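Inspection log for the structure reproduced underneath, given as structure tokens.
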Amino acid sequence: MNKLRNRELLHGGDYNPEQWLDRPDILEEDIRLMKKAGVNVVTLGVFSWSILEPKEGVYQFAWLEEIMDNLYQNGIHTILATPSGAKPVWLDEKYPEALRVDEWGRRRHHGVRHNHCITSPAFRKKIGEMDRLLAKRFKDHPGLLLWHISNELGGACYCPLCQKRFQEYLEQTYGTIEHLNKAWWTVFWSHQYQRFDQVEPPFANGEGSIMGLNLAWKRFTTWNMADYLRWEKDILKEITPGIPVTTNFMKLYPGLDYRVLAKELDVISWDSYPRYHNDYESLYDTCIENAFDHAVMRSMKKDRPFLLMESVPGAVNWHDYNKVKRPGMHKLAAIQAAALGSDSVQYFQWRKSRGSFEQYHGAVVDHLGREDTRIFQETAETGRVLAALKDVAGSVVKAKAAVVFDWDNRWAIQDMKGLSQKKKEYEKTCMNFYKLFLELGVETDVISREDSFSTYDVVAAPMLYLLGEDTARKLKEYVAGGGQLLCTYLTGYVDKDTLCYLGGFPGDGLKELFGLYSEEMDTFYPSDKNQVRFLDGSLGEVRDFAEILKLSGAEPVGVYIHDFYAGTAAVTRSQYEKGSAWYVGARLDEGTMKRLLRELCQEAGITIREIPGNGEYHVRENGEARFHFLLNYGEETIKFQDVRGMELLTGEVAEGELLVKPMEAAVVLEKKQLAKGEDR
Ligand code: GLA
Ligand code: ZN
Numbered sequence: 001m002n003k004l005r006n007r008e009l010l011h012g013g014d015y016n017p018e019q020w021l022d023r024p025d026i027l028e029e030d031i032r033l034m035k036k037a038g039v040n041v042v043t044l045g046v047f048s049w050s051i052l053e054p055k056e057g058v059y060q061f062a063w064l065e066e067i068m069d070n071l072y073q074n075g076i077h078t079i080l081a082t083p084s085g086a087k088p089v090w091l092d093e094k095y096p097e098a099l100r101v102d103e104w105g106r107r108r109h110h111g112v113r114h115n116h117c118i119t120s121p122a123f124r125k126k127i128g129e130m131d132r133l134l135a136k137r138f139k140d141h142p143g144l145l146l147w148h149i150s151n152e153l154g155g156a157c158y159c160p161l162c163q164k165r166f167q168e169y170l171e172q173t174y175g176t177i178e179h180l181n182k183a184w185w186t187v188f189w190s191h192q193y194q195r196f197d198q199v200e201p202p203f204a205n206g207e208g209s210i211m212g213l214n215l216a217w218k219r220f221t222t223w224n225m226a227d228y229l230r231w232e233k234d235i236l237k238e239i240t241p242g243i244p245v246t247t248n249f250m251k252l253y254p255g256l257d258y259r260v261l262a263k264e265l266d267v268i269s270w271d272s273y274p275r276y277h278n279d280y281e282s283l284y285d286t287c288i289e290n291a292f293d294h295a296v297m298r299s300m301k302k303d304r305p306f307l308l309m310e311s312v313p314g315a316v317n318w319h320d321y322n323k324v325k326r327p328g329m330h331k332l333a334a335i336q337a338a339a340l341g342s343d344s345v346q347y348f349q350w351r352k353s354r355g356s357f358e359q360y361h362g363a364v365v366d367h368l369g370r371e372d373t374r375i376f377q378e379t380a381e382t383g384r385v386l387a388a389l390k391d392v393a394g395s396v397v398k399a400k401a402a403v404v405f406d407w408d409n410r411w412a413i414q415d416m417k418g419l420s421q422k423k424k425e426y427e428k429t430c431m432n433f434y435k436l437f438l439e440l441g442v443e444t445d446v447i448s449r450e451d452s453f454s455t456y457d458v459v460a461a462p463m464l465y466l467l468g469e470d471t472a473r474k475l476k477e478y479v480a481g482g483g484q485l486l487c488t489y490l491t492g493y494v495d496k497d498t499l500c501y502l503g504g505f506p507g508d509g510l511k512e513l514f515g516l517y518s519e520e521m522d523t524f525y526p527s528d529k530n531q532v533r534f535l536d537g538s539l540g541e542v543r544d545f546a547e548i549l550k551l552s553g554a555e556p557v558g559v560y561i562h563d564f565y566a567g568t569a570a571v572t573r574s575q576y577e578k579g580s581a582w583y584v585g586a587r588l589d590e591g592t593m594k595r596l597l598r599e600l601c602q603e604a605g606i607t608i609r610e611i612p613g614n615g616e617y618h619v620r621e622n623g624e625a626r627f628h629f630l631l632n633y634g635e636e637t638i639k640f641q642d643v644r645g646m647e648l649l650t651g652e653v654a655e656g657e658l659l660v661k662p663m664e665a666a667v668v669l670e671k672k673q674l675a676k677g678e679d680r
């Protein structure tokens, strides 16, 4: 880890010199331009298998070594990828079992990428040989900073090998087929299994009606991917134990529970491609969604920075509308990444490929090949900014609040047949809670229901539909110990296999914690409306969902005012030992939720610092200093209050107030006052 810790912030990106091996002039120019752009790291080798091993067993690594040497001599480190993201044609020709089978049961043809079966012994053997040789060849290379396993792991394979592995996994998990039948309620529609080897994955034209099976398949896919990741990692670790390992995640990719994969990694990294400047939301909203994604990544390893592995300095080629980043956006997005805890800003890609699928994907160096382009200049400016922020490297974000956003729960909600398929919006709901905390100036982690809650003063766990074995107990312990917990409609409906709790929701002992149960759930048409009146007379708007609650100990904080459930509780609070458990039975408008969260935070003794509209605020810290990041996505200058210290981008000193212009950011260094003998 040491090489990655407390260095400067990393700046660079995916570099594919193998596309230009016949153009030494371009390779030379690349180095010159990288230095101009303040690049100190590149990612090499992603998708390079056919060059590294042009024929089975024939390896050519000399070109790579030469490039790495040259980069290193010019002050540029290498993140080295294993090439398992795409396969050479000879491999598919000789080992057709390595080709993935899709959800219709069709074996794929050779081509594209991510088209391999991760279970296939032949595939694992071939990538194992490759990784071992790569690690041996480069283990002592001074430029090697980090291993990057494969690329954007994803997808699922439905081949006979994967099916068999799934059945073995089920047997390990459930022990007996009777147990599985019970957990999945397979007697419904006569779906009982007699043996594990009868259980098929949920094929698109097969069994899709068993919620327990669908969820088990997702969990298995994650489990199998984690096993694959470990397979590559163990080979690298055996030969290069000192080199940390990552793989790049994709936003909130729904196919894999990243928190399980994260356990295999030394560093979290991810690829961020927001739809900036779109026509359906404000720039602020786009950027706060990106902040949420950063926070999800950061919260997987809270004790260390993460890496922004890919972003684009211009436009991507795969959005519906590939709009270029407006002037200043790139720098602002880079500072945002640092603000949320990233120690890098990297690009896909350094130089545009001349042909094929991504020939129009943005890059630092365009087909034009010039350095006086707007994008190159803005990249170079970003390089200067990151250099000015070098002391930020290694510092971390410490959050007082947490939003629980859980993959298992997400899958279960998505798959449940009920409510309104269109309006469930679990991701958006979690994101909104996160955004409201930020607007109150409360730094917030985004965690899973399996993480520890004990370090947080406030925990919001919206729509926690599925409770695992321990979740209810943990929530109770958290509140008993003095925590402020907020849950909402759709809490505690099912157990870990999606069987409904009997005797009222929220189940598994949570009725006692919240002092209530939910008798009915009303789903609104878009034009339906209801309101909640709070104790202070204020009103809140209800949309989409309203639970009808029966109280058994909770105090009502707000009641519905319309419809047949007028006068019944919509929002409640229940004192449970040293803490409070709040229940919000309806989906409420943002302003109302913000008022409630403010109250929770105040109850928990958290200082509220209202952030002006269109502004974003974060703090990173280490033993000696705090770094206050202040960003402005709006069109007016923002006045931030209570800012004291040296602004690192201008060198000016802030004494209380700081003005940040539209599309600009400030980073203020505050030195910590350490008491004598205090632990750093
Ligand atoms: C992903 C991949 C890259 C590239 C970019 C394009 O992040 O990792 O190889 O395809 O998308 O945006
Ligand atoms: Zn397979």
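The opening position of the sequence shown corresponds to residue 1 in this note's numbering, with each subsequent residue numbered one higher. Every residue, glycine too, gets a C-beta built ideally from N, C-alpha and C. Keep in mind that this is a model prediction, so the values were computed, not measured.
Looking at the backbone, the Cα of Gly492 and that of Leu464 are separated by about 6 Å. Look at Met225: its beta carbon is at least 8 Å from all of the heavy atoms in ligand 1. Across the set Ala363, Asn278, Asp343, the C-alpha of Ala363 shows the shortest separation from the C-alpha of Val316.
Taking the Cβ atoms as the reference, Glu541 lies roughly 29 Å from Thr607, outside the contact range of under 8 Å.
Taken from the Cβ of Val101, at least one heavy atom of ligand 2 lies inside 8 Å. Restricting attention to Ser420, Arg370, Gln167, Trp217, the CA atom closest to the CA of Pro526 is found in Ser420. Nearest C-alpha to Asp285 among Trp147, Arg573, Gly634: Gly634. Along the length of the segment 598-672, whole beta strand (DSSP E) runs at least 3 residues long occupy 615-621, 625-632, 638-647, 653-660, 665-671, reported in chain order. Thr82 and Glu238 have their C-alpha atoms roughly 15 Å apart.
Taking a cut-off of 8 Å on C-beta distances, the segment 500-512 does not touch the segment 528-537, as fewer than three cross pairs fall below it. A distance below 9 Å separates the beta carbons of Asp271 and Glu310.
Restricting attention to beta strand (DSSP E) runs no shorter than 3 residues, the segment 164-225 encloses none.
Ala581 and Gly605 have their C-alpha atoms roughly 16 Å apart. At least 9 Å separates the beta-carbon of Val667 from that of Gly383. Nearest C-alpha to Lys476 among Pro160, His319, Gly515, Leu161: Gly515. Distances from the CB of Tyr258 to the heavy atoms of ligand 1 are all 8 Å or more. Placement of the Cβ of Phe348 at a distance of less than 8 Å from at least one heavy atom of ligand 1 is found. For a cut-off of 8 Å, the C-beta gap from Ile375 to Pro274 is around 17 Å, too long to register as a contact.
In the three-state reduction of the DSSP assignment, His148 falls in the strand class. Val260 carries a helical assignment under DSSP once its states are collapsed to helix, strand and coil.
Two segments are said to touch when three or more pairs of C-beta atoms, one from each, lie closer than 8 Å; by this definition the segment 652-661 does not touch the segment 428-447.
In the three-state reduction of the DSSP assignment, Asn74 falls in the coil class, being assigned neither a helical nor a strand state. In the DSSP assignment, Leu27 falls within the unbroken alpha helix (DSSP H) covering 24-36.
Taking one beta carbon from each stretch, the segment 148-167 and the segment 112-132 have 3 or more pairs nearer than 8 Å; the two touch. The shortest CA-to-CA distance from Glu547 to any of Pro506, Tyr576, Gly553 is the one to Pro506. In the structure shown, Ala81 falls within a strand segment according to DSSP collapsed to helix, strand and coil. For Ala315, the secondary structure class from DSSP, reduced to helix, strand or coil, is coil.
Under the 8 Å Cβ criterion, the segment 29-37 counts as touching the segment 70-80, having at least three qualifying pairs. Restricting attention to Val112, Ser356, Asp508, the CA atom closest to the CA of Lys87 is found in Val112.
As a beta-bridge residue in DSSP terms, His116 pairs with Leu99. Contact holds between the segment 203-223 and the segment 406-413, because three or more Cβ pairs, one in each stretch, are under 8 Å apart.
Between the beta-carbon of Ile31 and that of Asn70 there is about 6 Å, and that keeps the pair under the 8 Å contact cut. Contact between Phe524 and Gly483 does not hold, since the beta-carbon distance rounds to 31 Å and is not under 8 Å. About 6 Å separates the beta carbons of Asn632 and Gly615, which is inside the 8 Å limit, making them a contact pair. Closest by C-alpha distance to Leu332, out of Leu649, Val187, Ile210, Ile118, is Leu649.
Here Lys474 is buried. Its C-beta has 16 or more other C-beta atoms within 10 Å.
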